Amino acid sequence: YFGSVTKTFEITAADIASIDDVTIASQVFTASQIAPTVELVFGEYNLTENDFDIEYGENLNVGKGSVTIKGKGNFTGTAKVEFDIVAKDISEGITALVPGTTPGVQPEGVVLKYGEVVLENGVDYDVVYSGYNSAGEGTATFTGKGNYTGTLEQHFTVSEPKTLSDVTASALSLIHISEPTRQEAIS
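Going by my numbering, the sequence shown opens with residue 31, and the numbers climb by one from there.
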C-alpha cells in the first residue's frame with residue numbers, strides 16, 4: 031500500500047478530579063495556617079505547578095483541614111482533598127515558666143508558650159499544682175486540651191517568705207534618710 035492518511039482529532043484537558051490517589055498525611059497543629067505539600071500523579075506523569083493551583087482552607091485548628099486543587103493547562107476541573115489536623119503534644123516544644131512561691135500559695139504569673147504563641151489556661155491546657163504547701167520544690171502538671179494533648183511537668187521553688195527580722199542592720203542603714211543639717215540647708 032502506498033499513500034497517506036490524515037486524521038484530525040482533539041486533545042482535551044484531563045479532569046483533575048479524576049486523579050483518585052490524592053492523599054495528604056495527618057498534620058500536627060502549628061498555631062498557624064497549615065499548608066501541606068501536595069504531589070499529584072496522573073498515570074506516570076508527575077504534575078507540576080504548571081498543571082494546577084492550590085488554595086488552602088483555614089487549616090488552623092485540630093480537626094479537618096482542606097486543600098482545593100484547580101487544574102490548569104492540560105488539566106481542568108477542581109478537586110477538594112481533606113486531611114486530619116492532630117493535636118500538638120504539650121511535652122514537645124512548649125516552654126513553661128513557673129515562678130517560685132511561698133508555702134501554701136499556688137504560683138502566679140505562669141506562662142506557657144509555643145514559639146511566640148502564649149497558651150491560655152482553661153482553653154489550651156489545665157494545670158494542677160502539688161508540693162507547694164511547704165518549703166522545697168513544687169510541681170506544676172500541665173495537661174493539654176483543645177489543640178494540645180499530653181502532659182508536661184515543671185518544677186518550681188517554694189521558699190519561706192522573708193520577714194523584716196531577716197533583713198540585716200546594714201541593709202536598713204542603706205534606706206535611712208536623714209534630715210539636712212542647718213549648714214546644708216543654708217548653702
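A virtual CB, placed ideally from N, CA and C, is assigned to each residue, including glycine.
None of the values given here were measured: they were computed from a predicted structure.
| said: Since residue 81 and residue 103 should fall inside the 8 Å C-beta cutoff, what is the C-beta to C-beta distance between them, to a whole number of angstroms? | reply: 5 Å
| query | Can you name, in chain order, every residue of its own chain whose Cβ lies under 6 Å from the Cβ of residue 89, other than the five neighbours on each side? | reply | 63, 64, 95
| Separation of residue 170 from residue 146, as counted between CA atoms | 21 Å
| field | Check whether residue 49 and residue 97 have beta carbons under 8 Å apart | value | Between residue 49 and residue 97, the gap from beta carbon to beta carbon reaches 8 Å or more.
| said: On a Cα-Cα basis, can you pick out the residue from 119, 105, 135 that is closest to residue 41? | reply: 105
| What are the complete beta strand (DSSP E) segments, minimum 3 residues, inside the stretch 102–133? | 108–116, 124–127
| field | Given 8 Å, three or more beta-carbon pairs between the stretch 150–164 and the stretch 174–194 | value | yes
| said: Under DSSP, the beta strand (DSSP E) around residue 142 begins and ends at which residues? | reply: 141–144
| task | For residue 206, count neighbouring C-beta atoms within 10 Å of its own C-beta (all shown protein chains included) and say buried if the count is 16 or more, exposed if not. | result | Its pLDDT being 46, under 50, residue 206 is placed unreliably in this model, and the value from its coordinates should be taken loosely. With fewer than 16 other Cβ atoms within 10 Å, it is exposed.
| Taking residue 118 as the reference, which of 84, 168, 85, 144 has the closest Cα? | 144
| Proximity of residue 130 and residue 59 at Cβ, strictly below 8 Å | no
| query | Count the other CB atoms within 10 Å of the CB of residue 43; is the residue buried (16 or more) or exposed (fewer)? | reply | exposed
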